[in-house]
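As structure tokens, the structure follows; a few thoughts come after it.
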Amino acid sequence: MSKKIKVLIPCKEANHVCDKTQYNESSFWEKIKLNFHLLYCKACRKYSKNNAKLTQAINESEVKCMDKKCKESMKQEFEKALQEIQH
Amino acid sequence: MSNNLINPNNWIDLYSDYLYNYTISRVSDKMVAQDLVQDTFLAALKSMKNFKGESSERTWLISILKRKIIDYYRKINSNKGKAEVRIGYNNDSESEGDWLEERVADPYDKTAEDILQNNELGEAIHKCLGKLPKKQADVFKMKTIQGLETEVICNELNITASNLWVIIHRARTAMADCLKENWF
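Residue numbers (this note's numbering), protein chains in the order written: chain R, 1 to 87; chain B, 1 to 184.
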């Protein structure tokens, strides 16, 4: 099979594209292949549905995270204090 | 006799994001929130021996954080000579002073129902994030919550892109399963 007409993709790849789609990083052609895959694969349909739900939930929750650098410096300070207490 | 043991070594990994979220929705300033979280950890360290193990570590830390937030508002208000605190924390005088006790989330804490629901959802997400292995949680947070580019994360954590997607996939599967039980 030449590369051009490779429409059928294995589940593993479909899931990968689905993950990418959640971050808007999949290409148009990939999306077509994913949707075609979803037509005949029930397991991946389920995964896609849950995945979209997860993305939606996280967007809705407006959960925020601390910067990694900030956390790191916090950790250092904390460890210093911890040692002072233990000694 | 304490049911809950205290172990400060992994406090920051386990609770810093949770505390930060709690703070940011109340003070809405990044730097202030970070400082308050830091203060909370240090204060908790100092009063570790007062921890009776009646509540979970997290509840205990939140109760300290609440005090810190109140103190913060007192401080910025005192300049005007008006010590009126405007945030909606639980301010009935009965529970004054027993902030080390176990307390359920107080109903006066939130103003509208959607905020309430949002907080519950946030709580569920944090709970699930806490169950993930550390690496998966880190990658998932950076990618999904902070919205960083794939390349940036790869550089910072020193992993390949395909490696990152595998981690993301595992994290998403675990998160979806966990949230299904606790939320959906």
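Note that beta-carbon positions come from the ideal geometry of N, C-alpha and C, so glycine has one too.
Requested in this report: Output the residue ranges of the alpha helix (DSSP H) runs that lie fully inside the region 15-63 of chain B and measure 4 residues or longer, sorted by chain position.
Outcome: 30-46
Query - Chain-ordered neighbours of PHE41/B on chain R, where CB pairs are closer than 9 Å - result: Counting from one through the second sequence, the residue named residue 41/B turns up at place 41. Near PHE41/B (Cβ distances below 9 Å), the residues of chain R are MET74, GLU77, PHE78, ALA81.
Requested in this report: May I have the straight-line CA-CA distance separating PHE78/R from LYS69/R, to the nearest angstrom?
Outcome: Position 78 of the first sequence, counted from the first residue, corresponds to residue 78/R. Position 69 of the first sequence, counted from the first residue, corresponds to residue 69/R. Their backbone Cα atoms lie some 14 Å apart in a straight line.
**Report entry** Interface flag, TRP60/B vs chain R, CB-CB below 8 Å
**Finding:** Translated into the one-based positions of the second sequence, residue 60/B becomes position 60. No, TRP60/B does not count as interfacial toward chain R.
Query raised in the report: Taking Cβ positions only, does GLU102/B come closer than 8 Å to chain R?
Result: Position 102 of the second sequence, counting from 1, holds the residue named residue 102/B. Unreliable placement is indicated for GLU102/B, whose pLDDT of 48 sits below 50; no coordinate value is reported for it.
Requested in this report: Check the Cβ-Cβ distances between GLY130/B and every residue of chain R, and say whether any is below 8 Å.
Outcome: If you number the second sequence from 1, residue 130/B lands on position 130. No, GLY130/B lies away from the interface with chain R (no Cβ there is under 8 Å from its Cβ).
Report task. Give the interface partners of ASP17/B over in chain R, defined as CB-CB distance under 9 Å, in chain order. Result -> Along the second sequence, one-based indexing puts residue 17/B at 17. The contacting residues are VAL63, LYS64, CYS65, MET66, LYS71.
Query raised in the report: Would the beta-carbon of LEU61/B fall within 8 Å of that of LEU19/B?
Result: Sequence index remark: in the second sequence, residue 61/B carries index 61 (1-based). Sequence index remark: in the second sequence, residue 19/B carries index 19 (1-based). Yes, these two residues count as a Cβ contact at 8 Å.
Query - Beta carbon proximity, ALA14/R to chain B, threshold 8 Å - result: Working through the first sequence from its first residue, we reach residue 14/R at position 14. Chain B, which has no Cβ nearer than 8 Å to the Cβ of ALA14/R, makes this no.
Query raised in the report: Does any residue of chain B bring its CB to less than 8 Å from the CB of TYR23/R?
Result: Taking the first sequence and counting its residues from 1, one reaches residue 23/R at position 23. Yes, contact with chain B.
Query raised in the report: How big is the Cα-Cα spacing for ASN51/R and ASP39/B?
Result: By one-based count along the first sequence, residue 51/R stands at place 51. By one-based count along the second sequence, residue 39/B stands at place 39. Rounded to the nearest angstrom, the two C-alpha atoms are 37 Å apart.
Query - Supposed contact pair TYR47/R and ASN15/R - C-beta distance, whole angstroms, cut 8 Å - result: Here the question's residue 15/R lines up with position 15 in the first sequence. Here the question's residue 47/R lines up with position 47 in the first sequence. Indeed, because the Cβ distance is near 6 Å, the residues count as touching under 8 Å.
**Report entry** For VAL152/B, the three-state DSSP class (helix, strand or coil)
**Finding:** The residue labelled residue 152/B in the question sits at position 152 within the second sequence. Helix.
Requested in this report: Verify whether the separation of the beta carbon atoms of CYS11/R and CYS65/R is less than 8 Å.
Outcome: Position 11 of the first sequence, counted from the first residue, corresponds to residue 11/R. Position 65 of the first sequence, counted from the first residue, corresponds to residue 65/R. No, these two residues do not count as a Cβ contact at 8 Å.
Query - CA-to-CA distance, ASN10/B to LEU42/B, given in whole angstroms - result: Looking up residue 42/B in the second sequence gives position 42. Looking up residue 10/B in the second sequence gives position 10. Between LEU42/B and ASN10/B, the C-alpha separation is close to 13 Å.
Requested in this report: Could you spell out where the alpha helix (DSSP H) holding VAL17/R opens and where it closes?
Outcome: Numbered from 1 along the first sequence, position 17 holds the residue referred to as residue 17/R. Per DSSP, VAL17/R belongs to the alpha helix (DSSP H) from 11-22.
Query - Which listed residue (THR160/B, ILE145/B, HIS169/B) has its alpha carbon closest to that of GLU151/B - result: On the second sequence, residue 151/B is found 151 positions in, with the first residue counted as 1. Residue THR160/B is the option with its Cα nearest to GLU151/B.
Requested in this report: Could you have a look at ASN35/R and say whether DSSP puts it in helix, strand or coil?
Outcome: Position 35 of the first sequence holds residue 35/R. Three-state DSSP puts ASN35/R in a helix.
Query raised in the report: For ASN50/B, which of LEU36/B, ILE6/B, CYS178/B has the nearest alpha-carbon?
Result: Looking up residue 50/B in the second sequence gives position 50. If we check each option's Cα against that of ASN50/B, ILE6/B comes out closest.
Query - Beta-carbon contacts of CYS128/B that lie in its chain and below 8 Å, excluding the five residues immediately before and after - result: Stepping through the second sequence from its first residue, residue 128/B is reached at position 128. Around CYS128/B: ALA174, MET175, CYS178, LEU179, ASN182.
Query raised in the report: Cα separation between ARG170/B and GLN136/B?
Result: As a working note, residue 170/B is residue 170 in the second sequence. As a working note, residue 136/B is residue 136 in the second sequence. Straight-line Cα distance between these residues: approximately 8 Å.
Query raised in the report: Checking contacts by CB at 8 Å: is PRO133/B closer than that to chain R?
Result: Start at 1 with the first residue of the second sequence, and residue 133/B comes out as number 133. PRO133/B does not count as touching chain R.
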